[in-house]
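Those protein sequence lines, which keep their order, are chains A and B. Per the working numbering, residue 602 is the first one in the first sequence, and the count goes up by one each step. Per the working numbering, residue 602 is the first one in the second sequence, and the count goes up by one each step. Virtual Cβ for every residue (Gly too), placed ideally from N, Cα, C.
There are 2 protein chains.
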Amino acid sequence: MMSDDLRGVVERMVREALEGQLRSHGDRSVPINISARHMHVRQDHLETLFGAGATLTKLRDLMQTGEFAANETVAVVGRNRRVFEQVRILGPVRKATQVELSYTDGRYLGMDLPARVSGNIAGTHPVILIGPKGVVQLQEGVIRALRHIHIGDDDASRIGVRNGQMVSVRTAGPLGVTFDQVLIRASRTALREMHIDTDEANAAGLGAGAAGEILL
Amino acid sequence: MMSDDLRGVVERMVREALEGQLRSHGDRSVPINISARHMHVRQDHLETLFGAGATLTKLRDLMQTGEFAANETVAVVGRNRRVFEQVRILGPVRKATQVELSYTDGRYLGMDLPARVSGNIAGTHPVILIGPKGVVQLQEGVIRALRHIHIGDDDASRIGVRNGQMVSVRTAGPLGVTFDQVLIRASRTALREMHIDTDEANAAGLGAGAAGEILL
Numbered sequence: 602m603m604s605d606d607l608r609g610v611v612e613r614m615v616r617e618a619l620e621g622q623l624r625s626h627g628d629r630s631v632p633i634n635i636s637a638r639h640m641h642v643r644q645d646h647l648e649t650l651f652g653a654g655a656t657l658t659k660l661r662d663l664m665q666t667g668e669f670a671a672n673e674t675v676a677v678v679g680r681n682r683r684v685f686e687q688v689r690i691l692g693p694v695r696k697a698t699q700v701e702l703s704y705t706d707g708r709y710l711g712m713d714l715p716a717r718v719s720g721n722i723a724g725t726h727p728v729i730l731i732g733p734k735g736v737v738q739l740q741e742g743v744i745r746a747l748r749h750i751h752i753g754d755d756d757a758s759r760i761g762v763r764n765g766q767m768v769s770v771r772t773a774g775p776l777g778v779t780f781d782q783v784l785i786r787a788s789r790t791a792l793r794e795m796h797i798d799t800d801e802a803n804a805a806g807l808g809a810g811a812a813g814e815i816l817l
Numbered sequence: 602m603m604s605d606d607l608r609g610v611v612e613r614m615v616r617e618a619l620e621g622q623l624r625s626h627g628d629r630s631v632p633i634n635i636s637a638r639h640m641h642v643r644q645d646h647l648e649t650l651f652g653a654g655a656t657l658t659k660l661r662d663l664m665q666t667g668e669f670a671a672n673e674t675v676a677v678v679g680r681n682r683r684v685f686e687q688v689r690i691l692g693p694v695r696k697a698t699q700v701e702l703s704y705t706d707g708r709y710l711g712m713d714l715p716a717r718v719s720g721n722i723a724g725t726h727p728v729i730l731i732g733p734k735g736v737v738q739l740q741e742g743v744i745r746a747l748r749h750i751h752i753g754d755d756d757a758s759r760i761g762v763r764n765g766q767m768v769s770v771r772t773a774g775p776l777g778v779t780f781d782q783v784l785i786r787a788s789r790t791a792l793r794e795m796h797i798d799t800d801e802a803n804a805a806g807l808g809a810g811a812a813g814e815i816l817l
């Protein structure tokens with residue numbers, strides 16, 4: 602067993618080593634990860650859906666520290682009664698339940714989805730969530746996530762971007778696209794990573810292992 | 602009744618007037634039309650699907666001269682037995698039957714769709730078509746259409762592009778994207794118009810009445 606102090610030191614060293622790989626020579630490349638439809642859940646909704654005392658169990662870690670894909674999935678039902686049967690929950694639990702779909706997904710469920718920053722769900726579409734133990738009628742909370750780049754504060758300073766800034770990101774390949782209007786979301790501990798949805802990935806012909814270059 | 606000669610003159614004048622609106626001042630703007638999933642059909646398949654002697658009937662004209670959306674729709678079934686119940690046929694009939702889906706649509710039907718120029722269907726996915734009178738088992742013919750710009754030869758010369766060239770097209774707005782790898786398809790009578798699929802439209806936040814600017 603490591604002491605908590607030692608664990609903290611090791612974690613920091615590993616993170617800095619990983620960031621170092623990205624930032625060498627003022628490199629503005631950014632790994633691009635594709636968000637399939639997914640959701641975040643607050644604790645009381647989780648318990649309604651999966652039973653009293655339910656907790657999320659980890660399927661696999663995501664890139665950002667502490668975030669993970671859970672084993673738990675939920676059926677998401679639109680007002681048109683169409684269904685996505687298995688929408689994966691990403692953990693940990695949050696303060697608000699939020700469903701993130703592509704615009705195409707939204708059209709399938711009869712929704713004209715707004716592009717929103719995660720957490721900004723006021724006035725968005727209602728939806729019904731069905732778990733193995735119960736149903737949640739969400740009054741609002743379905744968004745299309747505004748494409749964005751997570752980045753550590755130090756890393757952001759180094760390449761000359763700041764939290765809240767919109768940048769462009771160029772992708773290569775036979776269906777290359779330059780995404781304009783990409784939101785920088787800088788925070789102390791974030792690792793450099795761009796998130797796009799499946800519509801955006803498909804428009805650019807991107808799959809696993811994609812990367813782009815931040816243009817300033 | 603107009604004589605055929607007079608009709609030809611009037612048609613040419615109208616076309617040139619419309620093109621003139623676009624091309625004033627060396628303007629490189631291009632209207633962008635979004636292709637939802639659709640298909641083209643050859644005559645014998647049309648008759649298998651809709652009965653002996655069947656012809657396509659016009660729902661509405663499309664922008665390119667002579668092309669139209671037909672009233673006729675077909676169910677398109679993947680090997681995974683998922684279905685798009687109503688895929689519209691675009692007329693007139695062609696030499697080969699071809700289904701054009703977005704990449705997202707393809708994933709739904711269990712296909713990893715290649716991006717192809719219309720007509721280039723060799724080795725593409727098989728699919729089952731179901732009409733009111735019969736079934737066609739297509740051995741190949743499902744593509745994701747490579748994004749492209751139709752343009753008249755004279756118009757192409759005027760703005761300095763040539764058939765087969767790849768250009769970039771910038772779109773504006775809160776989800777603006779610059780599409781690289783846009784194929785120029787110049788022909789004598791084409792009108793300037795860009796075609797993208799729904800994934801591409803959604804990635805760029807585009808709907809009806811969209812436009813872009815060709816970057817050289």
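Inset, instruction - Please confirm if B:Leu776 has its CB atom under 7 Å from at least one CB of chain A. - result: Against chain A, the CB of B:Leu776 has a partner CB under 7 Å away; the residue lies at that interface.
Inset, instruction - Could you list which residues in chain A have their beta carbon closer than 8 Å to that of B:Ser703, in chain order? - result: Residues of chain A with a Cβ closer than 8 Å to the Cβ of B:Ser703 are, in chain order, Thr705 and Asn803.
Inset, instruction - Please confirm if B:Thr779 has its CB atom under 7 Å from at least one CB of chain A. - result: With 7 Å as the cut-off, B:Thr779 counts as an interface residue toward chain A.
Inset, instruction - Assess, as a yes-or-no matter, whether the segment 669-677 of chain B is touched by the segment 765-774 of chain B under the definition of 3 or more beta carbon pairs within less than 8 Å. - result: At 8 Å Cβ cutoff, the stretches do not touch.
Inset, instruction - Could you please give the first and the last residue of the uninterrupted alpha helix (DSSP H) stretch that includes A:Gly707? - result: Here the alpha helix (DSSP H) through A:Gly707 covers Tyr704 to Tyr709.
Legend entry - Distance between A:Arg629 and A:Ala773 (C-alpha atoms, nearest Å): Distance between the alpha carbons of A:Ala773 and A:Arg629: 14 Å.
Legend entry - Within-7 Å CB hit, A:His626 to chain B: Confidence in A:His626 is poor, its pLDDT being 47 and thus under 50, which makes the residue's placement unreliable; the coordinate value appears in the next sentence. Chain B, which has no Cβ nearer than 7 Å to the Cβ of A:His626, makes this no.
Legend entry - Residue ranges of each alpha helix (DSSP H) within the segment 621-682 of chain B, 4 or longer: Correct list: 644-651.
Legend entry - Integer Cβ distance of B:Pro693 from B:Leu739, believed to fall under 8 Å: Contact doesn't hold; Cβ gap of about 19 Å is too wide.
Legend entry - Cutoff 6 Å; reference B:Gln782; Cβ partners in own chain excluding five residues on either side: Sequence-distant partners of B:Gln782 (beyond 5 residues in either direction) whose C-beta falls short of 6 Å from its own C-beta, in its chain, are Met767.
Inset, instruction - Could you tell me whether any Cβ in chain B is nearer than 7 Å to the Cβ of A:Asp645? - result: Not closer than 7 Å to any Cβ of chain B, the Cβ of A:Asp645 fails to qualify, so no.
Inset, instruction - Would you decide whether B:Val728 is buried or exposed? Buried here means 16 or more other CB atoms lie within 10 Å of its CB. - result: Residue burial is scored here from C-beta neighbours: B:Val728 has at least 16 other C-beta atoms within 10 angstroms and is therefore classed as buried.
Inset, instruction - Pull up the distance between the alpha-carbon of A:Ala637 and that of B:Phe780, whole angstroms please. - result: The straight-line gap separating the alpha-carbon atoms of A:Ala637 and B:Phe780 is approximately 22 Å.
Inset, instruction - Just tell me which of A:Val743, A:Gly735 and A:Gly654 has its CA closest to the CA of A:Ala697. - result: Relative to A:Ala697, the option among A:Val743, A:Gly735 and A:Gly654 whose CA is nearest is A:Val743.
Legend entry - Rounded straight-line distance, which links the Cα of B:Asp800 to that of B:Gly687: The sequence shown places Gln at residue 687 of chain B, not Gly. Approximately 19 Å, taken between the alpha carbons.
Inset, instruction - With a 10 Å radius around its C-beta and 16 neighbouring C-beta atoms as the bar for buried, classify A:Tyr817 as buried or exposed. - result: Residue identity check: residue 817 of chain A is Leu in the sequence provided, not Tyr. Exposed, because fewer than 16 other Cβ atoms sit within 10 Å of the Cβ of A:Leu817.
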